[in-house]
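As structure tokens, the structure follows; a few thoughts come after it.
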Amino acid sequence: MNNEQMALYKSQDIIFVFSAVIFNILVSVVYVSTKLDLTALLQISGLIIISLIVPFTIALRGYMKKEAEKKIIISNMVVLLYLFLELVLDYILKIPFREIMAIHVPYIIIFYAAEFSMMSVSFHINRKAGFVVAITFCILIGCLAYLYLG
Numbered sequence: 005m006n007n008e009q010m011a012l013y014k015s016q017d018i019i020f021v022f023s024a025v026i027f028n029i030l031v032s033v034v035y036v037s038t039k040l041d042l043t044a045l046l047q048i049s050g051l052i053i054i055s056l057i058v059p060f061t062i063a064l065r066g067y068m069k070k071e072a073e074k075k076i077i078i079s080n081m082v083v084l085l086y087l088f089l090e091l092v093l094d095y096i097l098k099i100p101f102r103e104i105m106a107i108h109v110p111y112i113i114i115f116y117a118a119e120f121s122m123m124s125v126s127f128h129i130n131r132k133a134g135f136v137v138a139i140t141f142c143i144l145i146g147c148l149a150y151l152y153l154g
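Numbering (the numbering used here), first residue to last: 5 to 154.
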């Protein structure tokens, strides 16, 4: 790889890690907003989460263009699958899917698959990036516990 290709590959890494961190922080905000009944903040956070389709797609395109390892490409696709699922269920169909067990359970599985995909790719990029994403995931879990137990 020449320097220009390496810089482009690194930019995909930065986009991916930054998007993963923003995702985890915003999902944490969604959980706290739900608990505190802050509807406006909940809606804004949700829309920003959905807009992360753009940077994750840019990262995927870059990884595919540079023929990255299959696990990186598949992991990025899992994240995008979750984001598109969220878009369809919450913003297009607008159904109360969280109350329908047959939809909610697969949704949760895909959510955590996306989370672990983000951590996996981030650790593959480098340890520090992986720990940053993992820490924001722990914050997310803390906010989830606050939502249900707090």
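C-beta atoms are modelled at their ideal positions from N, C-alpha and C, and glycine is treated no differently.
The model shown is predicted, which means the values in this text are computed figures rather than measured ones.
Note on the region 10-82: whole alpha helix (DSSP H) runs with a minimum of 4 residues are 43-55 and 57-69, in chain order.
The C-alpha of K70 is placed about 43 angstroms away from the C-alpha of K39. With a cutoff of 8 angstroms on beta-carbon distance, I99 and L91 are scored as not near each other. Its Cα nearest to that of L151, the residue L42 stands out among L42, K14 and F101. Look at K98 here: in three-state DSSP terms it is coil, with no helix or strand label. C147 is not a Cβ neighbour of V21, given a cutoff of 8 angstroms. For V92, there is no enclosing alpha helix (DSSP H), as DSSP marks it with neither H nor E.
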